[in-house]
Every structure is written in C-alpha cells, then in structure tokens.
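Just so we're aligned, residue 142 is where the sequence shown starts under the numbering used here, counting upward by one. Ideal placement from N, C-alpha and C gives every residue a C-beta, glycine not left out. Read the structure below first, then the notes.
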Amino acid sequence: MGDIQQLINRFDLQKHPEGGYFKETYRSKGEIPDSVLGDDFEGSRNYCTGIYFLLTSDTFSAFHRIQQDEMWHFYQGSPITIHIIHPNGDYSKHILGLNFEKGEVPQFTVLKKCWFAAEVNVPNSYTFVGCTVSPGFDFKDFELANRNSLIQQFPRHKELIARLTRI
Ligand code: GUN
C-alpha cells in the first residue's frame with residue numbers, strides 16, 4: 142500500500158465525495174457562456190477540465206452522474222470496472238485496463254446523465270486513471286445517487302445499487 146500513499150503525496154490528491162482521491166490537472170481558461178450551454182447547466186463553464194483519479198480496492202466510486210460526457214484514461218495499477226445504468230434503465234459494464242486480449246480498453250467515455258460507479262478488480266491494489274470532461278467540471282453538475290431513490294427508479298439493479306452507494 143506504500144505505492145498508494147506515494148501517489149497521493151506526489152500528485153497532492155484529495156478525497157473525492159464519490160470515494161477515491163483526485164486532483165484537478167487542467168482547467169481551460171476559455172468559458173462557454175450560459176446562453177450556449179442550454180438547460181442542462183446553470184451559468185457558464187470552462188471549455189474543458191481534467192483530473193487524476195485514484196481508486197483503491199478497499200472502497201468504490203459510488204453511483205453518481207454528471208451533465209456532460211466523461212472520458213476515462215487508464216494510467217497505472219489494476220484494471221477497473223465501470224458500471225453504468227443508462228437513463229432508460231439498461232446496464233453495461235466496461236473494464237479499463239491494459240490487457241487488450243481480455244477486452245480491457247485504455248480509454249472509455251461515460252455518456253452524460255448515465256449513473257455510474259467503479260471498483261478496482263484486484264484485491265489489495267489500486268487504479269490510477271484520468272477523467273476529462275467538456276464542458277468543464279463544476280460540482281453543481283455532480284449528483285451522488287441516493288440508494289433508495291435509485292433502487293426505486295431501477296429496481297432490477299437493486300443489488301448492484303445497494304452495493305455501490307453510501308447514502
Ligand atoms: N473534478 C472534480 N471532481 C471531478 C470528477 O468527478 N470528474 C471530473 N472529470 N472532474 C472532476
């Protein structure tokens with residue numbers, strides 16, 4: 142677990158409300174005005190932002206959603222499973238990693254408004270990835286799922302939602 146503390150220190154990672162640790166690495170100076178963004182956003186947003194994201198195997202990234210597509214990039218560590226519940230209730234999962242023979246991919250984009258959660262595939266390890274969004278990230282667009290209301294909305298995914306939510 143020394144590797145984990147080293148990554149946290151080296152990149153000044155902070156705790157993320159969804160679980161794991163993050164650090165914003167890029168925020169474009171340019172802004173997209175409210176008038177162009179449409180009803181999904183309140184106020185202006187930067188063109189684009191990027192973060193480092195570190196998840197450890199002893200926890201999970203809880204179901205949450207944002208208002209823009211989010212591109213994940215694999216950097217280091219164990220493969221990570223991204224669980225997605227689409228707005229129509231369909232479920233899909235995708236493994237980010239470097240074992241392409243096994244179907245892992247180094248890059249995956251979660252589409253806007255999907256509920257998504259993630260967990261590291263190997264015990265006693267971690268995954269270090271990047272996440273890029275455009276329009277740029279704002280916590281106003283970030284919603285952590287409430288377990289009971291998400292189960293009410295998608296009862297067929299009850300077990301998965303119960304396991305990967307905290308509130
Ligand atoms: N900045 C702070 N939190 C996040 C996040 O969850 N995703 C992205 N892309 N940027 C962030």
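Sequence-distant residues of the same chain with beta carbon closer than 7 Å to residue i, five excluded per side
i	result
Leu-285	Pro-158, Glu-159, Ala-203, His-205 and Ile-308
Ser-321	No answer is possible for residue 321: it lies beyond the span of the chain, which begins at 142 and ends at 308.
Ile-173	Ser-185, Arg-186, Tyr-188 and Pro-276
Backbone CA spacing between residue i and residue j [nearest angstrom]
i	j	result
Gln-208	Gly-277	10 Å
Tyr-193	Phe-257	17 Å
Asn-265	Phe-201	13 Å
Ile-236	Gly-191	20 Å
Ser-198	Val-261	5 Å
Ile-221	Asn-240	11 Å
Asp-279	Arg-297	31 Å
Val-246	Ser-290	32 Å
Ile-292	Lys-299	5 Å
Ile-223	Phe-269	13 Å
Arg-168	Arg-186	10 Å
Asp-180	Lys-156	30 Å
Glu-242	Val-177	42 Å
Phe-152	Ala-259	21 Å
Pro-228	Lys-170	32 Å
Tyr-267	Ile-145	7 Å
Gly-143	Ala-303	31 Å
Gly-271	Cys-255	18 Å
Gly-238	Phe-215	6 Å
Residues near residue i in its chain [Cβ-Cβ closer than 8 Å; skip 5 each side]
i	result
Ile-149	Tyr-162 and Leu-195
Glu-183	Asp-175 and Lys-281
Leu-154	Leu-148, Tyr-162, Phe-163, Lys-164, Tyr-193 and Leu-195
Val-263	Ser-198, Ser-219 and Pro-220
Asn-364	Residue 364 is absent from the model: the chain starts at 142 and stops at 308.
Same chain, Cβ closer than 6 Å to residue i, neighbours up to 5 away in sequence not counted
i	result
Phe-295	Ile-226 and Gly-230
Lys-253	Gln-208, Gln-209 and Asp-210
Met-212	Thr-250 and Thr-273
Lys-234	Thr-222 and His-224
First through last residue of the alpha helix (DSSP H) which encompasses residue i
i	result
Ile-149	143-151
Ser-176	175-178
Segment limits, beta strand (DSSP E) that includes residue i
i	result
Ser-202	202-206
Leu-196	190-197
Gln-217	211-218
Phe-182	Taken as a continuous stretch (DSSP letters only), Phe-182 belongs to no beta strand (DSSP E), as it is neither H nor E.
Lys-342	The structure shown does not extend to residue 342, since the chain spans only 142 to 308, so no value can be given for it.
Exercise. Which runs of the beta strand (DSSP E) spanning at least 3 residues fall entirely within the region 227-301, listed in chain order?
Worked result: 232-237, 248-251, 256-261 and 267-274
Exercise. Listed by chain order, which residues have C-beta atoms less than 5 Å from any heavy atom of the ligand GUN?
Worked result: Spelled out in chain order, the answer is Ile-192, Cys-272, Val-274 and Phe-278.
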